[in-house]
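A.B. asks: Below you'll find the structure I mean.
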Amino acid sequence: MSKQKRSTSRSKKILLSLLGIFLALLLVIVGIGAKMYYDVRSTANDAYESVDRDDASNKRQVSLSDQEPFSILLLGVDTGALGRTEQGRSDTMMVATVNPSSDEVLLVSLPRDTYAEIVGHGTQDKINHAYAFGGAAMSMDTVAELLDIPIDHYITINMQGIETLVDAVGGIEVNNPFEFTYEKKTFPKGQQELDGEEALKYSRMRYDDPEGDYGRQGRQRQIITGIAKKVLSTKGLTNYSSILKTMGQNVKTDLTFTDMRTLMGDYRAAFGNIQSDQLKGEGFMQDGVSYQRIDPGELKRVQEELKAQLK
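FYI, in the numbering used here the residues of the sequence shown are 11 to 321.
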């Protein structure tokens, strides 16, 4: 098994950032009371948004109640200022395959600048443009085509909503690997507390990071992990109403409340054993635009890993 797949601690935080923040309250509602249970269910219903993929060649029906392995596309979407209605682009793209038989999750990060066919749009472009062109459905079809696997479900989180969510949990703590300044705010190296506005700026800096977009993704994981910790804290429970309101406004998924309860029950062991990988490409320029080209051998390697998890 590659060193990339052994990075279980970091990958667990990534997945729990998108699944876990939304599902975390499900783990603590037992014994808390009917009111909280009702509010969580109501938020899940608000977040539910089906996708129309009737023409997708790789669409299939998966039964979570029968504990079948499945895949899910995780999208961190930046729609800019709160209240904007345009689709925006997917800043962060990850695919998770969940196999309850092997009790394992494989989480693969996709470079947002990957040069790929945008299925349903008739063009080749950066893979993250699929969301702007056709929302979650086009993103699912495009990623499925690239990886040659079915994409069964999706979750999107509006990264702009992070600002409101961080404030709702009372701020978060991050560990900054190096000092930098972004939009007139200086972030020193080391541990520090961030409010919502600071957290959003911290997550957006890319060009001064020696790791580029990979470094930015790491900071985004720190922020969302910090939120998850606060959600599960005593203070998080105290503020659960405002947290749920923010989540309902900024998270969309085709998973139902019943699906979520099934995941936290029958699939729980798998989420405790998460392996990570990274689809890596090489940068190139075309018509003045930078892209990531994926080597066929690298693509085949990741495809085979994902397919093995879905058996």
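We put the beta carbon where it would ideally sit given N, CA and C, even for glycine. Just so you know, these numbers come straight off a predicted model, no measurement behind them.
Nearest to I82 by CA position, among R51, A147 and T124, is which residue?
C.D. replies: Position 72 of the sequence shown, counted from the start, is the residue given in the question as residue 82. The candidate whose alpha carbon is nearest that of I82 is A147.
A.B. asks: On a Cα-Cα basis, can you pick out the residue from E114, I237 and Y47 that is closest to L316?
C.D. replies: The count along the sequence shown starts at 1 and reaches residue 316 at position 306. Residue E114 is the option with its Cα nearest to L316.
A.B. asks: Buried or exposed: where does M104 fall if 16 or more other Cβ atoms within 10 Å of its Cβ makes it buried?
C.D. replies: Reading the sequence shown from its first residue, position 94 is the one you call residue 104. Buried, by the Cβ-count rule.
A.B. asks: What residues in its chain sit with their C-beta under 6 Å from that of L265, if we drop five residues either side in the sequence?
C.D. replies: In the sequence shown, counting from the first residue as 1, residue 265 sits at position 255. Result list for L265: H163, in chain order.
A.B. asks: For chain C, check one thing: does any of its Cβ atoms lie closer than 7 Å to the Cβ of F294?
C.D. replies: The question asks about chain C, but that chain is absent: this structure has only one protein chain.
A.B. asks: Around the C-beta of N138, are 16 or more other C-beta atoms found within 10 angstroms, so that it is buried, or is it exposed?
C.D. replies: Stepping through the sequence shown from its first residue, residue 138 is reached at position 128. When all chains shown are included, N138 counts as buried.
A.B. asks: Decide if Q296 is buried, meaning its Cβ has at least 16 other Cβ atoms within 10 Å, or exposed.
C.D. replies: Within the sequence shown, numbered from 1, the residue matching residue 296 stands at position 286. Exposed: under 16 other Cβ atoms inside 10 Å.
A.B. asks: Between R51, Q71, A279 and E207, which lies nearest to P160 when the distance is taken from Cα to Cα?
C.D. replies: Along the sequence shown, one-based indexing puts residue 160 at 150. Among R51, Q71, A279 and E207, the Cα nearest to that of P160 is on Q71.
A.B. asks: Extract the residue ranges of the beta strand (DSSP E) inside the region 252-303, only unbroken runs of 3 or more that lie entirely within it.
C.D. replies: With a minimum length of 3 residues, the continuous beta strand (DSSP E) runs that stay inside the region 252-303 are 261-263, 284-288, 292-296 and 299-303.
A.B. asks: State the start and end residues of the unbroken alpha helix (DSSP H) segment that holds K194.
C.D. replies: Counting from 1 along the sequence shown, the entry for residue 194 is found at position 184. Element bounds for K194: n/a, residue is neither H nor E.
A.B. asks: From T166 to G86, what does the alpha carbon distance come to, in whole angstroms?
C.D. replies: Here residue 166 refers to the residue found at position 156 of the sequence shown. Here residue 86 refers to the residue found at position 76 of the sequence shown. Distance between the alpha carbons of T166 and G86: 6 Å.
A.B. asks: Comparing alpha-carbon positions, which option in V61, E173, L156 and F197 lies nearest V312?
C.D. replies: As a working mapping, residue 312 is identified with position 302 in the sequence shown. With distances taken between Cα atoms, V312 lies closest to L156.
A.B. asks: Looking only at its own chain, which residues have a Cβ that is under 6 Å from the Cβ of E193, when we skip the five neighbours before and after it?
C.D. replies: Taking the sequence shown and counting its residues from 1, the one referred to as residue 193 is at position 183. Correct list, in chain order: K211.
A.B. asks: With which residues is I161 paired in a DSSP beta bridge?
C.D. replies: Start at 1 with the first residue of the sequence shown, and residue 161 comes out as number 151. DSSP, once it has assigned bridges, lists no residue as partnering I161.
A.B. asks: Does DSSP put Q354 in a helix, in a strand, or in coil?
C.D. replies: It is not possible to answer for residue 354, since the shown part of the chain is limited to 11 through 321.
A.B. asks: Could you check how far apart the C-beta atoms of D208 and K195 are, in whole angstroms? I think they sit under 8 Å.
C.D. replies: As a position in the sequence shown, residue 208 is number 198, starting the count at 1. As a position in the sequence shown, residue 195 is number 185, starting the count at 1. Inspection of the sequence shows that residue 208 is occupied by Glu rather than by Asp. Correct: roughly 6 Å between the Cβ atoms.
A.B. asks: Compare the Cα-Cα distances from Y224 to each of E292, K321, A280 and G298 and report the closest residue.
C.D. replies: Residue numbering aside, residue 224 sits at position 214 when the sequence shown is read from its first letter. If we check each option's Cα against that of Y224, E292 comes out closest.
A.B. asks: Give every residue of the same chain whose Cβ lies closer than 7 Å to the Cβ of S21, excluding the five residues on either side of it in the sequence, and list them in chain order.
C.D. replies: Numbered from its first residue, the sequence shown carries residue 21 at position 11. Low per-residue confidence applies at S21: pLDDT is 47, beneath 50, and the placement is therefore not dependable, though the value from the model is reported in the following sentence. These residues qualify, in order along the chain: L117, I284, Q285 and S286.
A.B. asks: Under a three-way DSSP split, which group does E208 fall into?
C.D. replies: On the sequence shown, position 198 is the one that residue 208 refers to. If DSSP states are grouped into helix, strand and coil, E208 belongs with the helices.
A.B. asks: Please say whether G130 and G144 have beta carbons closer to each other than 7 Å?
C.D. replies: Start at 1 with the first residue of the sequence shown, and residue 144 comes out as number 134. Start at 1 with the first residue of the sequence shown, and residue 130 comes out as number 120. The answer is yes: Cβ separation under 7 Å.
A.B. asks: Between which residues of its own chain and P121 is the CB-CB distance below 6 Å, once the five residues before and five after are set aside?
C.D. replies: Taking the first residue of the sequence shown as 1, we reach residue 121 at position 111. G291 and Q302.
A.B. asks: What residues are listed by DSSP as bridge partners for S81?
C.D. replies: Walking along the sequence shown from the start, residue 81 turns up at place 71. Note: S81 sits in a beta bridge opposite T107.
A.B. asks: Of all the options G206, N109, R226 and E221, which has the alpha carbon lying nearest to the alpha carbon of E183?
C.D. replies: Sequence index remark: in the sequence shown, residue 183 carries index 173 (1-based). If we check each option's Cα against that of E183, G206 comes out closest.
A.B. asks: Have a look at the DSSP bridge pairing and note the partners of E183.
C.D. replies: To locate residue 183, count along the sequence shown from 1; it is residue 173. E203, per the DSSP bridge assignment.
A.B. asks: Would you mind working out which of G228, Q288 and S251 sits nearest I304, comparing C-alpha positions?
C.D. replies: For this step, residue 304 is matched to residue 294 along the sequence shown. Among G228, Q288 and S251, the Cα nearest to that of I304 is on Q288.
A.B. asks: So what's L320 in DSSP terms, helix, strand or just coil?
C.D. replies: In the sequence shown, residue 320 corresponds to position 310, counting from 1. Residue state, collapsed to three classes: coil.
A.B. asks: From what residue to what residue does the beta strand (DSSP E) around E59 run?
C.D. replies: As a working mapping, residue 59 is identified with position 49 in the sequence shown. Element bounds for E59: n/a, residue is neither H nor E.
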